[in-house]
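Each residue of the sequence shown is one higher than the one before, starting from 39 at the first, in the numbering used here.
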Amino acid sequence: MATKRDYYEILGVQKSASKDDIKKAFHKLAHKFHPDKKEGDVDKFKEASEAYSVLSDDKKRAEFDSYGRVFEGGPGGGGAGFGGQGGSFDFSQFQEQFGGMGFDFSDVFSDFFGGQGTRGQKRGRDVSIDLEISFKESIFGTKRRVLLAKIAQCETCHGSGAAPGTELETCKHCNGTGKIHETNNSIFGAITMQSPCRHCHASGKIPKEQCRTCRGEGVYRKQEEIEIAVPASIEGGEMIRLTGGGEAVQGGNPGDLYIKVHVQRDPRFKKDGVTLLTDLSVKLSDALLGAEYKIATLDGEETISIPAGITHGELLRVRGRGVPSARNKRGDLLVNIKITLPNKLSRTARTLVEKLKEEGI
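This is how it looks when you write it as structure tokens:
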């Protein structure tokens with residue numbers, strides 16, 4: 039589980055900052071903390087890059103402003119937030135903004151001011167979906183299977199792009215090195231870098247015959263069924279992150295799948311930490327004399343005893359019928375007693391009430 043980081047504070051901008059303000063703040067920090075600089079700091083450089091990758095993207099910024107925390111799941115587990123911590127970093131938004139320069143912007147981040155940059159591994163796009171669950175499912179957790187249409191690895195060639203049994207030959211574009219040297223002009227000046235060959239995906243080899251299923255791409259769009267494990271005690275609006283559950287990309291790692299959970303309201307219960315609260319209407323005579331009532335719990339119907347002389351608003355505790363805690367224990371269910379009074383009294387009832395009044399009741 040990962041807590042939300044304050045990306046605005048990292049860049050030193052207000053939450054209302056414009057895109058230009060965010061961009062200027064990032065460029066200032068990037069120049070300051072680049073490892074080649076005197077005050078260089080690799081951790082702060084990566085931190086600023088991560089913050090900019092989120093706040094410069096309208097969708098990710100809106101998600102960041104809304105999400106309280108992110109639940110990690112899926113194979114690999116580690117990593118936090120928007121794919122930047124503890125795993126590969128997604129530079130797709132930089133490529134979208136600066137791709138017209140003729141190079142992949144992730145190369146610039148690996149070697150900011152020139153020299154032969156070493157490119158980080160490619161990463162597929164993240165996918166975001168919404169999932170609605172019942173109140174009971176949010177308390178105990180559940181598993182759901184959803185059908186997603188996304189770019190996935192080709193099952194025929196296993197992502198190689200080659201037809202099964204096809205021999206590989208040396209790539210003519212990079213002469214088998216898997217790398218191409220390029221010199222480009224950028225906002226930081228002329229940059230000479232070594233980038234992976236796009237034709238052979240840095241392998242130095244290309245198939246003599248392309249896979250017919252994916253047409254040599256190694257990936258293609260298809261429908262895929264995903265199982266989502268929803269943890270117990272999740273709140274509405276929280277996120278589940280399935281590492282590697284996003285879209286695939288040839289020669290790189292798949293993106294992540296983010297599931298925003300929406301919890302249906304249950305008119306019978308309210309949640310307060312590990313405690314559940316429910317209301318119970320009790321007749322006046324039962325409140326005075328005591329009785330037994332059946333109540334609804336998340337585990338089914340149960341019978342509780344109403345003690346004689348109970349007052350309106352008094353709480354009765356049903357132990358072990360609340361929300362599961364971190365120590366595999368459960369909180370309690372509190373029953374709020376609401377004594378109901380009749381709108382009209384029969385003659386007999388009125389006579390009896392008058393006698394009670396005479397008794398000082």
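The beta-carbon is built from N, C-alpha and C at its ideal position, and this holds for glycine as well.
Residue environment for His300: exposed (fewer than 16 other C-beta atoms within 10 angstroms of its C-beta). Rounded to the nearest angstrom, the Cβ distance from Ala201 to Cys249 is 5 Å, consistent with a contact under 8 Å. Under the three-state reduction of DSSP, Ser233 is assigned to strand. In the assembly as shown, Arg279 is a buried residue. Its beta-carbon has 16 or more other beta-carbons within 10 Å. In this structure, Ser94 sits near Ile60, with a CB-CB distance shorter than 8 Å.
For Arg385, the enclosing alpha helix (DSSP H) covers residues 385-396. Across the set Asp337, Ala286, His237, the C-alpha of Ala286 shows the shortest separation from the C-alpha of Tyr258. Ile377 sits in a strand when the DSSP states are folded into three classes.
Taken in chain order, the unbroken stretches of beta strand (DSSP E) that lie wholly in the region 315-341 and span 3 residues or more are 329-335.
In this chain, the beta strand (DSSP E) harbouring Glu170 covers 165-171. Within 10 angstroms of the beta-carbon of Asn291 lie 16 or more other beta-carbons, which makes it buried. Here the alpha carbon of Lys246 sits roughly 58 Å from the alpha carbon of Arg365. Assignment of Ser343 by DSSP, reduced to helix, strand and coil, places it in the strand class.
Every unbroken stretch of the beta strand (DSSP E) spanning 3 or more residues and falling wholly within the region 253-325 is given here in chain order: 257-268, 277-280, 295-301, 308-310, 313-321.
For Ala68, the uninterrupted alpha helix (DSSP H) run begins and ends at 57-71, by DSSP.
Straight-line measurement puts the Cα of Lys160 at about 26 Å from the Cα of Ala63. The region 369-386 and the region 309-321 touch, with three or more beta-carbon pairs separated by less than 8 Å.
For Lys188, the three-state secondary structure derived from DSSP is strand. Residue state for Val356 is assigned as strand, using DSSP reduced to three classes.
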